[in-house]
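Quick note on numbering: the sequence shown equals residues 1 to 232 in the UniProt record's numbering. All C-beta atoms in this analysis are idealised placements derived from N, C-alpha and C, irrespective of residue type, glycine included. A short worksheet on the structure shown next.
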Amino acid sequence: MWCRIVEARYRVGGDLANRFPRVSPRVSRIWHNILTATAQFSPAIRWKVGDGRTILFWHDHWLGDGPLNIRYQRIFVLSVAPLGRVCHFKVSQGPNCIWSINLSRELSWEDEVDFSNILLELFLVEFNDPLPDKALWSPQPRLGFSVRSCYKWVRRDHPPLQATAMKWREISGPKIPLKVKAFVWLMFQERILTKTYRAKWSLQADILCPMCESAEETSEHLFITCSVARQL
Numbered sequence: 001m002w003c004r005i006v007e008a009r010y011r012v013g014g015d016l017a018n019r020f021p022r023v024s025p026r027v028s029r030i031w032h033n034i035l036t037a038t039a040q041f042s043p044a045i046r047w048k049v050g051d052g053r054t055i056l057f058w059h060d061h062w063l064g065d066g067p068l069n070i071r072y073q074r075i076f077v078l079s080v081a082p083l084g085r086v087c088h089f090k091v092s093q094g095p096n097c098i099w100s101i102n103l104s105r106e107l108s109w110e111d112e113v114d115f116s117n118i119l120l121e122l123f124l125v126e127f128n129d130p131l132p133d134k135a136l137w138s139p140q141p142r143l144g145f146s147v148r149s150c151y152k153w154v155r156r157d158h159p160p161l162q163a164t165a166m167k168w169r170e171i172s173g174p175k176i177p178l179k180v181k182a183f184v185w186l187m188f189q190e191r192i193l194t195k196t197y198r199a200k201w202s203l204q205a206d207i208l209c210p211m212c213e214s215a216e217e218t219s220e221h222l223f224i225t226c227s228v229a230r231q232l
């Protein structure tokens, strides 16, 4: 039911037909968050080829170690169908097919190498026409999506929870005023209203430190690395 409401409200195809919707200034917060989450989780989704009608040839991760538009940028910018589906690039039917990649100009000798590498990867692709394309959750492709695996994947670039708990014990232990502890904790979590933090919410345009004017005003810079602040 929720999927039907989103599809009807924002006119999004149920088969992921519109992978690059435009965000207007009047877009609702719900839709804005959905688009943000889609951009964050798309690198964790790998596609298994079926009929090739859903997978975006250049933008989706379905071949090799990542999307073709990232690994072969020089060839991608020459493509006359940057948003084409996989099925649009195959000429003949059957498991092993002939591929046709139309480009806007002839390739230079440097681009010929990348183009040959693409063709070598495509040579190993096998279609399963009766079945639709299938999206796989790459962190655990055999077990599929789970909230636990999703949480681990989201926090892959963050410090472990043990380190966070250790920081809190170090702060809460000394006998100092509670308001100071709360401020230091917010500083560790990058929640101080610095210019960089305000810029994330479109509340600040200039993010340079007003004292040294040589770096972005983050919590670490403001209290530790700023040359002017260190002299105070």
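Output the boundary residues of the alpha helix (DSSP H) element that contains residue i.
| i | result |
| --- | --- |
| Lys195 | 195–200 |
| Ala44 | Note, Ala44: premise wrong, no alpha helix (DSSP H); not H, not E. |
Is residue i helix, strand or coil by DSSP?
| i | result |
| --- | --- |
| Ser219 | helix |
| Leu107 | coil |
| Gln162 | Only weak support exists for where Gln162 lies, its pLDDT of 48 falling under 50; the value from the coordinates is given anyway. Correct three-state label for Gln162: helix. |
| Leu178 | helix |
| Leu208 | strand |
| Ser227 | coil |
| Ser100 | coil |
| Ser79 | strand |
Report yes if the CB atom of residue i is closer than 8 Å to the CB atom of residue j, and no otherwise.
| i | j | result |
| --- | --- | --- |
| Trp99 | Phe115 | no |
| Ala229 | Phe223 | yes |
| Ile171 | Lys181 | yes |
| Ile55 | Val91 | no |
| Glu217 | Lys195 | yes |
| Ser104 | Leu122 | no |
| Ile70 | Ile118 | no |
| Phe145 | Trp137 | yes |
Verify the CB distance criterion: does residue i have a CB-CB separation below 8 Å to chain B?
| i | result |
| --- | --- |
| Phe223 | Checking the listed chains, one finds no chain B in this structure; it contains a single protein chain. |
Legend entry - Validate contact between the region 139–154 and the region 103–121 using beta carbons, cut 8 Å, 3 pairs: Flag = no, the region 139–154 and the region 103–121 do not touch.
Inset, instruction - Output the residue ranges of the alpha helix (DSSP H) runs that lie fully inside the region 45–76 and measure 4 residues or longer, sorted by chain position. - result: Taking only runs of at least 4 residues, the alpha helix (DSSP H) segments lying wholly in the region 45–76 are 68–71, 73–76.
Inset, instruction - Would you check if the region 68–85 and the region 33–50 touch, i.e. whether three or more CB-CB distances between them fall below 8 Å? - result: Touching, no.
Inset, instruction - Counting only runs of 3+ residues fully inside the region 122–147, write out the beta strand (DSSP E) ranges in chain order. - result: Correct list: 134–137.
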